[in-house]
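Working notes for the structure below.
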Amino acid sequence: MQNWGIPRRYLLLLHSIGASRTGLFGFCLVSVLALMAIFAPWIAPYEPTQVDMLNRLQPPSWSHWMGTDLTGRDVFSRLIWGARPSLQVGILAVLIGLPGGFAVGLLAGFYRGTMLETILMRIVEIIAAVPLLIVAIAVVGVLGVKPIAMGPFTITNEIKIVVVLGFLYIPGLARVVFAVAAAEATSDYIRARRIQGVRDFTLIVSDILPNCLSVVIVWGTLLTAGGVLAEAGLSFVGLGVQPPDASWGVMLSEARKFIFSGEWWLLFFPGLAISLTVIGLNLLGDALRDILDPRHYTGPRLD
Amino acid sequence: MGARLLEVNNLKVAFPVGNVMAEAVRGVSFEINTGDAVGVLGESGSGKSVTALAILRLIPSTGRITGGSVKFAGEDILSIDEANMRRLRGRDLSMVFQDPLTAFNPALRIGRQLLNVIRTHTSTTVQQARTRALEVLDLVGLPNPARVMRSYPHELSGGMRQRALIGIALACNPKLLIADEPTTALDVTIQAQIVDLFHKLRSELDLTLLYITHNLDLMAELCDRAIVMYAGNVVEEGKVTDLFQAPRHPYTRMLIDCVPRLEDSRNRELTVIKGMPPTIGTTNPGCRFSPRCPSAVERCHVEYPEESFEAQRRFSCWNPRL
Amino acid sequence: MNDQLLLEVKSLTKDFPVGGSLLSRITGSTPVMRAVNDLNFRIHRGEVVGLVGESGCGKSTSALMLLRLLNKTRGTIRYRGQEITELDGAELTSFRRQVQMVFQDSHSALNPRKVVRRTLKEALRARYGKTSDLEDKAIELLRTTGLGADVLSRYPHELSGGQRQRIGIARAMAMEPEFIVADEPVSSLDVSLQAQIINVFQALREKRGLTMILISHDLALVNFLCDRVLVMYAGEMVESGDSESVMKHAAHPYTQALIGAVPRGLAGRGRQEKTLAGTSEVLGEGCSFAPRCPAAMQRCHEIAPKNTTVAEGHTAACHLL
């Protein structure tokens, strides 16, 4: 195979995803949604905040494929634009939680049995016990829902959610990495490297870390799905994206009044979008886990 | 010498490798009479374990028996239905596996697992089954059988677990016991205890035994006859004394010579068999051992050797040592 | 063979904490399991010494301590006269080059995610630094263990057990050690492959004058390869001496039982040798073997036996002597 600089096994990975029907389905779903989010300004037929009171609460039609909402905004356009905060929160939260979770897991696993592991894992457990909703309410209660200007940066509500969520993701990632790191740290090939005089830091970074990547990729996919749901949930209760901006959770929140009055399209499409995103991410995560874990993870088990 | 108990004829078993079915057992034939102790000697890839599993029809679902026949007490057991086969397994035809830890259900006590077997195959009351269970545990040399009954598998040592496993296999008085490397996972002194147990069981119960192992010396102590398997074929069969004193097949001979022994003088040269056993899926038309065989001639590489027969032995080799 | 003393072990002891609570860990009163108890031996340059015993006897634990992969609880381990736990800096680097280990082949002896080339180059880099001919050196290493350059691009799971074991040996040799500890190097291999690996060790010994500790449960193998034998039981050394002396005139009942348990082949048919009953659980005082010993006296259960000389260079710890 030509040397494209990509290790052979990652290309094999993509090929394997294609070979699994559910994985392929998940991959396609996620890709479609990602493209939707990226190209929103070009795809959406209307502005998401464009009000048109004359045409409010219209069912799906040729001019408004998914109908209009209570102020006449095009549901389809809002849906497309709404993909952005959902995926952004999902992905960014994982990216924020990743360094922390990875580092904690690696150190705790490598130094298993020492005081360091005990301290780290107890901290992890404390964070894990914190419920998302309570913390979100607390943060918003203290900082308010409006964007805060801090020097050149504007901290939108979305950023606040992302930070909180990312922080709360640390335990999940840390535990998963811990399991792998702890198992690998006792293996003979690590011992062999030690007796070559290799220092601990090098061992962690060059031997253990790469072996944890598979689980992190899989777990990250699943956490992204969690993030999408979290964003929807928080926006639903008013703690996330604020109206009139579009997000699937906001759309659901606005549709609450219309559950029984027959304007089904206000609930159905955002709900469908959330479901498909989460399903797609989960299927992708499952496929990745099946591919990455048994075949490549031929290493020692935790025992 | 008893009646013909097990007759395996040209047994073939194949597994999928990539997109094709590759033979792991390529036409194995042998017989066991009641009261015999027959050894199956072979290394990994020889097909010895697969043969045993095939006899019990316990091949993993990906594999298939692709040819041959297996007759147990005169009955063709490859063609009977699964329900009847289940009746045979555990009662008339029994097996002891290599790893005593994974062979047990870790969540159930030994007693429960033992009683399950007894009550499945025999119509006895619970009380009778318990009595039989305690009897069996005593038979296999476990001190304090009542306590063993109450224990979980992980609470016993490796040797005790293996004894319990043998006990379960014997609970319903099987006609044939197949033991697949039962001592490989055990320490040497425990291994000796288990071998002693087999000796005792053979003499007390007149047990018919098919003993699979890669350890020649162990097999030689326990068995009267043996078949030597290599890459899915039987390459030699005969009385253990003949095999050791005058092996015909080069593989048998080299296998005997490549193992260091306590009685050897310190300067003995270890015979080394070059190369590796062929992996499943590779084929060549001739003798499968020929690439590694120092006595190989032209014919060995192109034509599979016919079987040669001598008094109470047979072997497949174009250029045997005589 | 010059008589330079390379390794000297005195009163080596290792305790592992078992159970106990956080409180007991702080107060230091956690119950312990003594895996190695008061081990003493010496190894001179050029010797091949066998460390024999069954599972749980402490041989692997001892090996790990000799390589400084595990902390000792008590005792001294001196390599070339220096206590290895006090080594630092350049001296430690030097020790790491001189003493290497070959592990029992399992999934964990080679990093499953690294190709052979990378594993060997890393080892060579640790020894020689970033030089340009690492690839050539790697090929040469493979050649000394009987492998071709074609395995360089393979992952461990693509290779056979015998090949993996040779690579493990090659990796250890990359450091150009003078002392190798081989922990059950052939027990996971097929019988016909064991001989190949044994030969590799023989060749290394002859060509490089390697000093070796061979850890094994296989008495016949130890008898074949080793000049001297140390027999361990329940963390203690019960007998030691020349291979020939120990194997033919074993003094300790455990050694005798061990030798008696080895299958004899045809010669063993019909023998009704009384085999050793029980398992190696360690109880309190006295000789740790006493509970299972067929010749145990009252004294054996009360007082731990001391080492007695049985013959030249051959000692055993038993009250019967």
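Protein chains in written order, with my numbering: chain L, 1 to 303; chain S, 1001 to 1322; chain D, 2001 to 2321.
Note that CB positions come from ideal geometry on N, CA and C, so glycine has one too.
Just the chain S side, please: which residues come within less than 7 Å of residue i by C-beta, in chain order?
i	result
Glu2054/D	Asp1187, Val1188, Thr1189
Phe2201/D	Within 7 Å Cβ-Cβ: nothing; Phe2201/D doesn't reach chain S, min ~11 Å.
Ala2257/D	Thr1189
By the criterion of Cβ-Cβ separation under 8 Å, what are the contact partners of residue i in chain D?
i	result
Val1259/S	Val2191, Gln2194, Ala2195, Ala2220
Gln1193/S	Thr2275, Leu2276, Ala2277
Asn1215/S	Val2191, Pro2263
Less than 7 Å separating the beta-carbons of residue i and residue j?
i	j	result
Val162/L	Val89/L	yes
Cys1172/S	Arg1109/S	no
Gly101/L	Ile159/L	no
Tyr2233/D	Phe2289/D	yes
Val164/L	Val135/L	yes
His1249/S	Cys1317/S	yes
Val1228/S	Glu1236/S	yes
Asp1180/S	Ala1052/S	yes
Ser77/L	Ala103/L	no
Ala2109/D	Gly2168/D	yes
Val1038/S	Arg1225/S	yes
Pro1260/S	Leu2221/D	yes
Arg2166/D	Leu2147/D	yes
Phe305/L	Val75/L	Nothing about residue 305/L can be read from this structure; chain L reaches only from 1 to 303.
Leu1056/S	Leu1176/S	no
Gly109/L	Ala182/L	yes
Glu231/L	Gly240/L	yes
Ser1046/S	Tyr1230/S	yes
Phe2041/D	Leu2321/D	no
What's the call for residue i, buried or exposed, on a 16-neighbour Cβ count within 10 Å?
i	result
Ile208/L	buried
Arg301/L	For Arg301/L, the predicted model reports a pLDDT of 28, less than 50, meaning its position is unreliable; a value from the coordinates is still stated below. By the neighbour-count rule (16 or more Cβ atoms within 10 Å), Arg301/L is not buried but exposed.
Phe1244/S	buried
Gly1002/S	exposed
Arg1163/S	buried
Lys2014/D	buried
Arg175/L	buried
Gln2196/D	buried
Thr2315/D	buried
Looking only at DSSP bridge pairs, what is residue i linked to?
i	result
Phe2179/D	Val2099/D, Thr2211/D
Asn1233/S	Tyr1230/S
Thr2308/D	Ala2316/D
Tyr2155/D	In the DSSP output, where bridge partners are listed per residue, Tyr2155/D has none listed.
Ala1103/S	Beta-bridge pairing links Ala1103/S to no other residue.
Thr1213/S	Leu1041/S
Pro2017/D	Val2032/D
Ile148/L	Ile155/L
Gly1238/S	Ala1226/S
Ser1308/S	Phe1315/S
Asp2227/D	Answer is none; Asp2227/D lacks a bridge partner.
Leu1177/S	Ser1094/S, Leu1209/S
Give me the chain D residues within the contact set of residue i, using Cβ-Cβ distance strictly less than 7 Å, ordered along the chain.
i	result
Phe1244/S	Gly2265, Leu2266
Tyr189/L	Ser2108, Ala2109, Leu2110, Asn2111
Pro210/L	Arg2113
Glu1043/S	Asp2190, Val2191, Ser2192
Can you pull the chain L neighbours of residue i, defined as C-beta to C-beta under 7 Å?
i	result
Gln2100/D	Ile195
Arg2096/D	Ile195, Gln196, Gly197
Phe2179/D	Within 7 Å Cβ-Cβ: nothing; Phe2179/D doesn't reach chain L, min ~11 Å.
Determine the chain L residues that contact residue i at a beta-carbon separation under 9 Å, and present them in chain order.
i	result
Thr2093/D	Gly197
Met2175/D	Ile195, Gln196, Gly197
Phe2103/D	Asp188, Tyr189, Arg191, Ala192
Leu2067/D	Arg191, Arg194, Ile195
Name the chain S residues whose beta carbon is nearer than 9 Å to that of residue i?
i	result
Leu2041/D	Sequence check: residue 2041/D is Phe here, not Leu. Chain S residues near Phe2041/D: none, gap ~21 Å exceeds 9 Å.
Strictly below 9 Å CB to CB, what residues from chain D border residue i?
i	result
Glu1221/S	Pro2263, Arg2264, Gly2265, Leu2266, Ala2267, Gly2268, Arg2269, Gly2270, Arg2271
With a cut-off of 8 Å, do at least 3 Cβ pairs link the segment 2113-2121 of chain D to the segment 2132-2148 of chain D?
Touching, yes, given that three or more Cβ pairs across the two stretches are closer than 8 Å.
Inspect the CB distances between the segment 1143-1159 of chain S and the segment 1183-1198 of chain S and report whether three or more fall short of 8 Å.
Verdict: yes, contact present.
The segment 71-91 of chain L in contact with the segment 52-60 of chain L per 3-pair CB rule at 8 Å:
With contact defined as three or more Cβ pairs closer than 8 Å, the segment 71-91 of chain L and the segment 52-60 of chain L are in contact.
Contact between the segment 275-285 of chain L and the segment 21-36 of chain L is defined here as three or more beta-carbon pairs at a separation below 8 Å; is this criterion met?
Contact between the segment 275-285 of chain L and the segment 21-36 of chain L is established, with three or more Cβ pairs separated by less than 8 Å.
Decide yes or no for the touch test of the segment 2048-2066 of chain D against the segment 2203-2214 of chain D: beta carbon pairs closer than 8 Å, at least 3 of them.
Yes: at least three Cβ pairs fall under 8 Å.
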